[in-house]
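At position 327 of the sequence shown (counting the first as 1) the number is 326 in numbering that gives the first Met the number 0, and the numbers step up by one without a gap.
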Amino acid sequence: MSLQLYNPFENMFFNNKTCFLTGEELFNENENITVFPEWVLQHYELSNTKFTMMDNVTFFLYKDIKLPCTNLVKTAFEKLDEEIKTAFNKGYDAVKKLDTHKLFLWTGRMVYGILYHDLIIEKESKEKKNIAFTISPALKNKFSLFHLMLQSLVAPIEFGSLKPWSITVVKLKYSKEIFNYRDDTINLVFSLGTNEFGIIAMLQDNEIIKQHETPLLEKIGETILHPIQFEELKARFMYNNYLLQYKPQYQIEEKENKLVITAHPFSTTNENNLFAKWDDKMFSEVLVEYWKPWGLKKTEIVTYPNAPISFLENENTYEFINPESIELPF
């Protein structure tokens with residue numbers, strides 16, 4: 000018997016009476032979960048903090064951003080939350096040891112949750128103007144695949160050795176009280192800094208971005224990064240994702256009443272063709288955004304024709320910069 004899995008992007012169907020993950024009908028308005036896990040809201044005191052949506056106009060309190068779901072889905076996420084919470088409380092070593100599939104599901108819940116509400120906001124805005132709400136076929140396919148992979152939380156879905164995502168965990172000079180969260184819902188990117196570690200999750204890159212940045216990650220190793228270095232690393236991942244010209248491909252087949260998703264590998268001999276040409280001017284714009292906490296202006300970041308400044312690598316020797324040598328606040 001063929002597996003029947005839900006795809007809300009076929010008809011762009013989103014409402015609070017349908018489980019966001021399984022598509023099952025709900026009968027109680029209290030059947031939901033918060034997009035940001037309850038323990039996160041409590042530990043970082045975020046419940047009554049405002050979260051601004053993609054349109055930069057709409058905002059919600061963190062505690063009010065919810066996803067409708069069945070009790071099965073809620074229970075599965077709560078079980079996952081307990082494991083992630085335990086690792087987060089222990090710090091870098093415990094987080095580093097987590098199964099990347101579990102981190103994919105945990106980070107993916109937040110990214111999808113924000114995307115879900117961004118789409119509803121846009122859909123309602125279009126409907127008020129009597130304009131049909133549509134998204135491009137490419138985005139529809141990307142989001143459909145992302146949603147399918149998230150269903151592995153409760154559905155019999157497995158993944159091949161090459162994962163559709165890449166998760167990077169680094170040591171970071173952050174306290175337990177800091178929750179430095181950033182997402183890009185269109186490109187399916189998540190990052191978080193807290194409790195002496197940082198996470199960068201590319202949720203649909205077939206491990207390409209992380210492999211591309213391996214030389215730099217090897218230089219970093221177990222070094223505790225200065226926060227400005229972590230922001231630069233995030234900016235590099237984000238910009239490389241923007242430059243990526245390879246459309247992730249997957250083989251999806253049903254075997255013995257389960258779905259197996261295999262990410263197609265890319266040819267390393269043609270890696271240079273995977274990315275569009277790097278543009279220092281454009282990358283400096285990304286750095287301006289990521290380095291806002293330090294007030295660095297574009298004129299301080301780049302002087303053409305020189306490359307933008309870096310706090311990760313020496314511009315002449317390309318050696319890794321010791322975080323202790325950076326005289327900037329944390």
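Where is the CB? At the ideal position from N, CA and C, for every residue including glycine.
Cβ separation of residue i and residue j, assumed to be a contact under 8 Å, to the nearest whole Å
i, j, result
"residue 307", "residue 327", "With 8 Å as the limit, residue 307 and residue 327 do not qualify as a contact, their Cβ atoms being about 16 Å apart."
"residue 152", "residue 75", "5 Å"
"residue 104", "residue 149", "7 Å"
"residue 65", "residue 79", "About 17 Å; that fails the 8 Å criterion."
"residue 332", "residue 114", "Nothing about residue 332 can be read from this structure; the chain reaches only from 0 to 329."
"residue 228", "residue 163", "28 Å between Cβ atoms; not a contact."
"residue 189", "residue 90", "19 Å between Cβ atoms; not a contact."
"residue 24", "residue 17", "6 Å"
Closest residue to residue i among the options (Cα-Cα distance)
i, options, result
"residue 182", "298, 110, 164, 239", "110"
"residue 63", "36, 81, 89, 204", "36"
"residue 238", "296, 258, 208", "208"
"residue 77", "174, 128, 108", "108"
"residue 59", "12, 190, 117", "117"
"residue 68", "42, 47, 30, 44", "30"
"residue 169", "161, 219, 142, 206", "219"
"residue 140", "185, 277, 48, 194", "185"
Neighbour-count burial assignment, residue i, 16 or more Cβ in a 10 Å radius
i, result
"residue 0", "With a pLDDT of only 44 at residue 0, under the threshold of 50, the placement of this residue in the model should not be trusted, and no figure is reported."
"residue 7", "buried"
"residue 294", "exposed"
"residue 137", "exposed"
"residue 201", "buried"
"residue 54", "exposed"
"residue 132", "exposed"
"residue 324", "exposed"
"residue 92", "exposed"
"residue 292", "exposed"
"residue 304", "exposed"
"residue 283", "buried"
Start and end residues, beta strand (DSSP E) containing residue i
i, result
"residue 70", "Here residue 70 belongs to no beta strand (DSSP E); instead the alpha helix (DSSP H) covers 70-89."
"residue 247", "From DSSP, residue 247 is part of no beta strand (DSSP E); its letter is neither H nor E."
"residue 214", "Element bounds for residue 214: not the beta strand (DSSP E) but the alpha helix (DSSP H), 213-219."
"residue 59", "58-60"
"residue 327", "From DSSP, residue 327 is part of no beta strand (DSSP E); its letter is neither H nor E."
"residue 65", "65-67"
Limits of the alpha helix (DSSP H) - the one that residue i falls within
i, result
"residue 41", "37-42"
"residue 226", "226-242"
"residue 119", "99-127"
"residue 297", "297-300"
Discussion item. Give the list of continuous beta strand (DSSP E) stretches no shorter than 3 residues that lie fully inside the region 139-197.
Written reply: The region 139-197 is shown to contain whole beta strand (DSSP E) runs of 3 or more residues at 156-158, 165-170, 179-183, 188-193, in chain order.
Practice prompt. Mind listing, in chain order, the continuous beta strand (DSSP E) runs of no fewer than 3 residues lying wholly within the region 251-293?
Written response: Fully enclosed beta strand (DSSP E) runs of 3 or longer: 257-262.
Fill in: Contained alpha helix (DSSP H) runs [length at least 4] in the region 11-39, N- to C-terminal order
With a minimum length of 4 residues, no continuous alpha helix (DSSP H) run stays inside the region 11-39.
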